[in-house]
Amino acid sequence: MNTKAASSWRPAYPERHVKFRSKSGGCLAFILLIPLGFAAGFVWALALSPRDVSSWFGLGLSTLILGGCCYGAFVDSRIIRIIPMYEKHLAGVETFLIGHALARNWGHLDRLATAQGVRPLSDFGFNDPLEGETVIWHSAAEVLPTVRTLVAEVAKAPVVVDTPDAVTGELKRWEHAFALAQAQNIRLALLVEIGDSTSGQVWEIRKGHI
1 MNTKAASSWR PAYPERHVKF RSKSGGCLAF ILLIPLGFAA GFVWALALSP RDVSSWFGLG
61 LSTLILGGCC YGAFVDSRII RIIPMYEKHL AGVETFLIGH ALARNWGHLD RLATAQGVRP
121 LSDFGFNDPL EGETVIWHSA AEVLPTVRTL VAEVAKAPVV VDTPDAVTGE LKRWEHAFAL
181 AQAQNIRLAL LVEIGDSTSG QVWEIRKGHI
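Counting in the working numbering, the sequence shown runs from 1 upward without gaps.
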């Protein structure tokens, strides 16, 4: 991306993620205060009993471990990607670990799709059973025109996104996966995924496949 484009480009995450960050900001700040409390306790214990090496060493180690865990949780909560969830198992695709570049440029891509007369990708998400919402499934045939249009338009005007190669690469991975889904009549829905980790329990609740 050229210098002029770089100076004007701004992240355009999905509105759902923006709301999540605003709601979770206070909670995350509170979590980060926990290791500070342990650190204060460590200093207090050291002042009361400077010769009790084992006690203050254990408390200090606990403080470091807890601080590291809290920091890791904080960083993980700032990682976002957009992932497709499939109604049935779809073999031969890997779309769960990508979607970071798409998430950063989401608003720009939605506006680009609308300008080209196709439905924005946001039309195909983001109801999540983890939030008590009902998933709205879409046929791959509904989504593919938007994906293919965006691949073509980003190639024509790469300055609309921050990392054209990454965005195009992720869109092409989606195009391949959705073409397979269309051939197998498997519906899909898009989700905002926070963090890079997941669990079986999450997908039992969502009742979908990745």
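Quick reminder that beta carbons are idealized off the backbone N, C-alpha and C, glycines included. Only a predicted model underlies this, so the values are computations on that prediction, with no experimental measurement involved.
Looking only at its chain, what residues have a beta carbon closer than 7 Å to the beta carbon of residue i, apart from the 5 residues adjacent to it on each side?
i: VAL160; result: HIS108, LEU112, VAL154
i: HIS89; result: HIS209
i: SER122; result: PRO14, ASP110
Which same chain residues, not among the five before or five after residue i, have their C-beta less than 6 Å away from its C-beta?
i: VAL118; result: PRO145, THR146, THR149
i: VAL222; result: In the structure as shown, the chain starts at 1 and stops at 210, and residue 222 therefore has no counterpart that could be examined.
i: GLY72; result: Only weak support is given to the placement of GLY72: the predicted model assigns it a pLDDT of 48, under 50, and the value that follows is read from those uncertain coordinates. Same-chain partners within the cutoff: there are none.
i: LEU171; result: VAL147, LEU150, VAL151
i: HIS100; result: ARG81
i: GLU193; result: ARG81, ILE83
Where do the ends of the beta strand (DSSP E) carrying residue i lie?
i: ILE98; result: Note, ILE98: premise wrong, no beta strand (DSSP E); not H, not E.
i: ARG187; result: It is not in any beta strand (DSSP E) - ARG187 carries neither H nor E in the DSSP assignment.
i: ARG119; result: Run containing ARG119: none; DSSP gives neither H nor E here.
i: ILE205; result: Looking at the DSSP string, ILE205 is not in any beta strand (DSSP E); the run it does join, the alpha helix (DSSP H), is 200 to 206.
i: PRO84; result: 80 to 86
The alpha helix (DSSP H) that contains residue i, what's its start and end?
i: PRO145; result: 140 to 156
i: TRP137; result: Neither: TRP137 is in no alpha helix (DSSP H) and is coded neither H nor E.
Rounded to the nearest angstrom, what separates residue i and residue j at their Cα positions?
i: GLY132; j: ALA166; result: 32 Å
i: THR95; j: PRO164; result: 18 Å
i: THR114; j: TRP106; result: 12 Å
i: ALA189; j: LYS156; result: 27 Å
i: SER139; j: GLN184; result: 10 Å
i: ASN127; j: GLU87; result: 14 Å
If residue i and residue j are in contact, beta carbons under 8 Å, what's the gap, nearest whole angstrom?
i: ILE83; j: ARG173; result: Not a contact, Cβ separation roughly 11 Å.
i: LYS207; j: PRO129; result: 7 Å
Who are the near neighbours of residue i in its chain, counting only those whose CB is closer than 8 Å to its CB and skipping five residues on each side?
i: HIS204; result: The question names His, yet the displayed sequence has Glu at residue 204. Cβ within range, chain order: n/a, list empty.
i: MET1; result: Only weak support is given to the placement of MET1: the predicted model assigns it a pLDDT of 45, under 50, and the value that follows is read from those uncertain coordinates. The answer, listed in chain order, is TRP9, PRO158, VAL159, VAL161, ASP162, THR163, PRO164.
i: GLY25; result: Below a pLDDT of 50, predicted positions are generally treated as unreliable, and GLY25, at 49, falls in that range; no measurement from the model is reported.
i: HIS176; result: VAL93
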